[in-house]
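A.B. asks:
Chains as they are written, first to last, in our numbering: chain A, 1 to 643; chain B, 1 to 643.
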């Protein structure tokens, strides 16, 4: 595992550039030179670079008909396998000069990483666009850099998957973990067991041809696709079509609420394993990757406790509790997968002595659990701390290190079994319209954690670059920014929305937990302010660094906003829930203006004023309509100065 | 032809509604009642309405799983043909009450028009969304309401076509005129003559399966698809694959510049007609519509004059000029089409005595030409005045009536042969990124001209509703609004863009003519401010109705803008061309602020001041960097008040 410091040599020439490229993940070594390579309609790439050419053409708006000689030469040492494998060499060097550029990589996958860097290097110039002269040496810290997408709780049509694969490639993520079945939907066509999708998906599933299309699309971007079929729990959607698989009597319906359900597979019957032998074999053939995820999380044991058959089975084998039963089940699933040439991955709960040494444990519970897994000899990947559905700030995720926390105490040999991590997008409260904005740009910060040297930890630098990288993802068709205004427009129907936008910019959406996911269903409209609002308010973050004049301008806008908002909220339920929030925003603006006045006067505020306003701000910073009024933050900072 | 007045009965209850639906085209008769039908997750539509359900779900953000009984019942009297035909009954009635709604139409096409109206009726409510109680009777004024899209000069991939078909259906346009070949590209797969697409498209063409997909997609929205293969001129892209079709010796290359080229089909050789017999027959089978467009415009005659064969042919038949030769050619093409069951359409130039009486003339030159066509007994459609690529204001197009101008003098019998009109989107200076913003929302105003009673002419009302309709098109996937900010972001690369946005909001893009299209090629980047800027500035139009406080706020913003803009323009060619424009905008702001001061003072401005500023504003209203600084307009109005 690479632990050396990143070497960043930025020449003064580069610092003087009008536009500096924002690279994310930050490469291992970057040395800017002088001069630049023009990116114009004569730009061309050698074989293997058509993908980059199409991307640059879209990014710059310049047609690149690929008629001129290649200006970017791609040299790959070995003909890589057809499909990327864990641990394949992804290193590359990239050299750019005014006359041309060159990528050198050991594998095709490395050259794809280099092209992702090249695309981020493009900046406006005196003649159009250019890439500054640079020498880059780069290689990943971890070989497993993933994004998990849950397509069960809310269905995500294929275009959502494809555009997110594009975004993953742009920030060098290399594992797409596809959570394909759960209580709320079974999302893959099985030809052996067609009642799975017929009764388990409400018509929303991928055909096998679509799966293959996505797998090939990912492969062409150097991304491995790991399917997950969660067993023995989270299987409610399997049972409408195949009720005999369950541990209790049916009938069953697909889940429409969220949480941990009682129905689980019956581990006591041979027919369950025969079904899995057939089904997993079929899926093993459909997905080329060597690794295969079988879930294994959140079995509450209720149905097993109520089943005479399972109880007899447990007694016969002396399984003393739910976990012991599940371990035996996992062991048999592992054997099935092994027969089909697959290595098993599962969540924390599958951890037990005697699993195959090649098993990979994906940790969602805490960092100690990861440490425990690798101490037990298994390999591990970290997802605790990377749950995107919690809507934590990018800085939070950025601060979590797969080899940090409890894992920091491991021996080098143990630590080397930490393969990397995965950002997780659970879909209780996201749909195709909002999912991009819940993944991006925050997943790019996580991607940097997985790729760049451990020493790269400057949060300000991360945020500066994140904004540019986020913008760049728009050229790939991601909708994380473009969905914002239309969703705010929807709130008001046929009228202009400036005041709604002012309010929306001043808040942050709550994540699954604090929203109270259990009160929602898969049919709940996700069309409220909380769904449109960003997980992080860029404008409030900018305001925290702003000068007095800008603060006064914005506070004035906030103070005036509520008077225009309240009439809009009449006869409009989507706005009505925001009435108090809007009032609070204007109050925050008023407090801010007064604080500025006191600061400007050089005289202290009246006795008790600061304390009283602090109480108010604390009250207003509590969740309201499932968002947080983060507008209070810059005003709280001003009050600190007045104390 | 329907000429009665539109009856609009708006009850006081409706006027008091928080949100009033914006209907476009305005229906023939609208009577609002009391109460409203809730649009929530229990909303459902009877058979034939799945399309509407999907649209409403996206528009409102509410899942509509179609489990509840239908709240909107659709009754269609006759089982319409499989494919829409010219003159099919598109009338409908729509009745909405709190308990449910009903559509009654004679044909499936009429029910589709009713559903488009229903979608526009949805407004926010106290409980989510609703449709107000209403009785609507509606029918089109003209049976031919088209949009022409040129996919030759710039290639438009299938998704561009499909989303524009969705938008057409939303505003009741019913003819998609697909300009499939021109000098710059041949865009359809021919199986009989594959060198057409192989040598004529640079790889950018629709397969026959894609054509069929688009035709079916259009049919499901009640839209007829009329293919155009422009002959004998505008055929340069046919010749790289089949040089013997040309009237002069090759070799030939696809055109990359724009304008009228010399090479045209050879009308003197039988082989030309044999080729057309085969090719047009193949296309006649591919496109089910009875009408078939053969172009026929802009033959300059140079190649014919230089060809001994054509000259001998002309002499033999006593054709005295280019037009006479072309008329003979058109006549033979008409016979070929007739053998394949198709009725010919062509541009003005095909007009001649003795064409089949069923021929349709599409007028692009002027309204007299339309009058001449229908006086000669042919049917006509108007496109003069509806050229979207000129980037004229919506109000300009809205003021052109197919039965106005020279056509107003026709007898009722002659006038009845005016079938309607078509908005035309020529693609010299648009690409897939910008095309939506050049069609929409202005084409919706033209759609109202074609559908609504002739008496519907209130421009303010049109603009009020246009803004809502434009917003609604976003839910159909149109990118006419969402492309704006990313294109402005591109101008600045990695930095924030507020000042660029301020400048962009204050200008309007020039159309093809004033931009000087002949200096561009198909490979010219369309990534400048002029490409991002709107054909009409909504913010300037709003400003022209704003009060003093808002004027002062905006003028202050303009006045300060240039100081922040100039540093951005350093080392950035896309911004550098805007330096003077930005300076002018700030000057306009300064003049506006002074004018406000003089008006507020109640005293006259110093002698000569108004005259001097007017001269300045006139200078600044001249095109600059291919845009117009329309910010001058509200300031000019203030100066008028000071005179």
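Yeah, the Cβ is synthetic: ideal placement off N, Cα and C, and Gly gets one too. The model shown is predicted, which means the values in this text are computed figures rather than measured ones.
1) By a C-beta neighbour count over all protein chains shown, 10 Å radius and 16 as the cutoff for buried, is residue 631 (chain B) buried or exposed?
2) Count the other CB atoms, across all protein chains shown, that sit within 10 Å of the CB of residue 459 (chain B); report buried if there are 16 or more and exposed otherwise.
3) Please identify, using Cβ separations under 7 Å, the residues of the stretch 516–530 of chain B that lie next to chain A, in order along the chain.
4) For residue 532 (chain A) and residue 131 (chain A), what's the separation of their Cα atoms in angstroms?
5) Which partner residues does residue 37 (chain B) have in the DSSP bridge list?
6) In chain order, which alpha helix (DSSP H) runs of at least 4 residues are fully inside the stretch 167–204 of chain B?
7) Which same chain residues end up closer than 7 Å to residue 252 (chain A) when comparing Cβ atoms and leaving out the 5 residues on each side of it in sequence?
8) Can you tell me whether DSSP reads residue 125 (chain B) as helix, strand or coil?
9) Residue 365 (chain A) by DSSP, collapsed to three states: which one?
10) Which residues in the same chain have their Cβ closer than 7 Å to the Cβ of residue 445 (chain A), if we skip the five residues on either side of it in sequence?
11) So which of B:452, B:78, B:574 and B:486 has the shortest CA-CA distance to residue 117 (chain B)?
12) Using only alpha-carbon positions, find the residue among B:87, B:160 and B:112 that is nearest to residue 436 (chain B).
13) Taking a cut of 7 Å between CB atoms, which residues from the stretch 56–82 of chain A lie near chain B?
14) Helix, strand or coil for residue 24 (chain A)? Go by DSSP, reduced to three states.
15) Applying the 10 Å Cβ sphere with the 16-neighbour rule, what's the burial state of residue 164 (chain B)?
16) Using DSSP with H/G/I as helix, E/B as strand and the rest coil, what is residue 598 (chain A)?
17) With 8 Å as the threshold, decide whether the Cβ of residue 441 (chain A) is near any Cβ in chain B.
18) Around the Cβ of residue 391 (chain A), are there at least 16 other Cβ atoms within 10 angstroms (buried) or fewer (exposed)?
19) Looking only at its chain, what residues have a beta carbon closer than 6 Å to the beta carbon of residue 350 (chain B), apart from the 5 residues adjacent to it on each side?
20) Under 8 Å by Cβ, that's how I've got residue 431 (chain B) and residue 154 (chain B) pegged, so tell me the actual separation to the nearest angstrom.
21) Are the C-beta of residue 249 (chain B) and some C-beta of chain A separated by less than 8 Å?
22) Compile a chain-ordered list of the residues in the stretch 569–585 of chain B whose CB is closer than 8 Å to at least one CB of chain A.
23) In angstroms, rounded to a whole number, what distance separates the CA positions of residue 388 (chain A) and residue 424 (chain A)?
24) Whose C-beta lies closer than 6 Å to the C-beta of residue 218 (chain A) among residues of the same chain, with five residues either side of it excluded?
25) Quick one: what does DSSP say residue 146 (chain A) is sitting in, helix, strand or coil?
26) So, using beta-carbon positions, are residue 38 (chain B) and residue 128 (chain B) closer together than 8 Å?
27) Buried or exposed for residue 71 (chain A), going by 16 or more other Cβ atoms inside 10 Å?
28) Check the DSSP bridge columns for residue 73 (chain B) and list the partner residues they point to.
29) Can you list, in chain order, the residues of its chain whose CB lies under 6 Å from that of residue 695 (chain A), leaving out five sequence neighbours each side?
30) Indicate whether residue 200 (chain A) and residue 222 (chain A) have their beta-carbon atoms separated by less than 8 Å.
31) Taking Cβ positions only, does residue 623 (chain A) come closer than 8 Å to chain B?
32) Does the count of Cβ pairs from the stretch 537–546 of chain A and the stretch 411–418 of chain A closer than 8 Å reach three?
33) In the stretch 124–139 of chain A, which residues sit with their C-beta less than 7 Å from some C-beta in chain B, listed in chain order?
34) How about the stretch 78–92 of chain B and the stretch 48–68 of chain B: do they share at least three Cβ pairs that are nearer than 8 Å?
35) Since residue 486 (chain A) meets chain B, which of its residues come closer than 9 Å, beta carbon to beta carbon?
36) Going along chain A in order, which residues have a C-beta closer than 7 Å to the C-beta of residue 150 (chain B)?
C.D. replies: In brief:
1) Answer is buried; the Cβ neighbour count reaches 16.
2) Classification for residue 459 (chain B): exposed.
3) Correct list: 523, 525, 526 and 527.
4) Rounded to whole angstroms, residue 532 (chain A) to residue 131 (chain A) spans 35 Å at the Cα level.
5) Answer is B:131, bridged to residue 37 (chain B).
6) As far as the stretch 167–204 of chain B is concerned, its whole alpha helix (DSSP H) runs of at least 4 residues are 195–200.
7) Within the same chain, Cβ atoms closer than 7 Å to the Cβ of residue 252 (chain A) are found at 236, 239, 240, 243, 246 and 263, the five residues on either side in sequence being excluded.
8) When secondary structure is reduced to three states using DSSP, residue 125 (chain B) falls in the strand class.
9) Under the three-state reduction of DSSP, residue 365 (chain A) is assigned to coil, being neither helix nor strand.
10) 394, 397, 398, 462 and 466.
11) If we check each option's Cα against that of residue 117 (chain B), B:452 comes out closest.
12) The shortest Cα separation from residue 436 (chain B) among B:87, B:160 and B:112 belongs to B:160.
13) Closer than 7 Å at the C-beta level to chain B, one finds these residues of the stretch 56–82 of chain A: 60, 61, 62, 63 and 65.
14) Residue 24 (chain A) sits in coil when the DSSP states are folded into three classes, being neither helix nor strand.
15) That one is buried.
16) Residue 598 (chain A) falls in the helix class under three-state DSSP.
17) No, residue 441 (chain A) lies away from the interface with chain B (no Cβ there is under 8 Å from its Cβ).
18) It is buried - the Cβ of residue 391 (chain A) has at least 16 other Cβ atoms within 10 Å.
19) Setting aside the 5 residues that flank it on each side, residue 350 (chain B) is surrounded in the same chain by 296 and 330, each with a C-beta closer than 6 Å to its C-beta; the list follows chain order.
20) Contact between residue 431 (chain B) and residue 154 (chain B) holds, with the beta-carbon distance rounding to 5 Å and staying under 8 Å.
21) It does not: the Cβ of residue 249 (chain B) has no partner Cβ on chain A nearer than 8 Å.
22) Answer in chain order: 570, 571, 572, 573, 574, 575 and 576.
23) Taking the straight line from one Cα to the other gives about 6 Å.
24) Here the set comprises 165, 176 and 225.
25) When DSSP states are grouped into helix, strand and coil, residue 146 (chain A) belongs to the strand group.
26) Cβ distance < 8 Å, so residue 38 (chain B) and residue 128 (chain B) count as in contact.
27) Under this definition residue 71 (chain A) is a buried residue.
28) Paired residues: B:102.
29) Residue 695 (chain A) falls outside the range modelled here, since chain A spans only 1 to 643, and no answer is possible.
30) Note that the C-beta distance between residue 200 (chain A) and residue 222 (chain A) is not below 8 Å.
31) Residue 623 (chain A) does not count as touching chain B.
32) Result no; under three Cβ-Cβ pairs closer than 8 Å.
33) Taking a C-beta cut-off of 7 Å against chain B, the contacting residues of the stretch 124–139 of chain A are 124, 125, 126, 127 and 128, listed in chain order.
34) Segments in contact, no.
35) By Cβ distance, chain B contributes 471, 474, 475, 481 and 482.
36) The contact set of residue 150 (chain B) on chain A, defined by CB atoms closer than 7 Å, is empty, because the minimum CB distance reaches about 17 Å.
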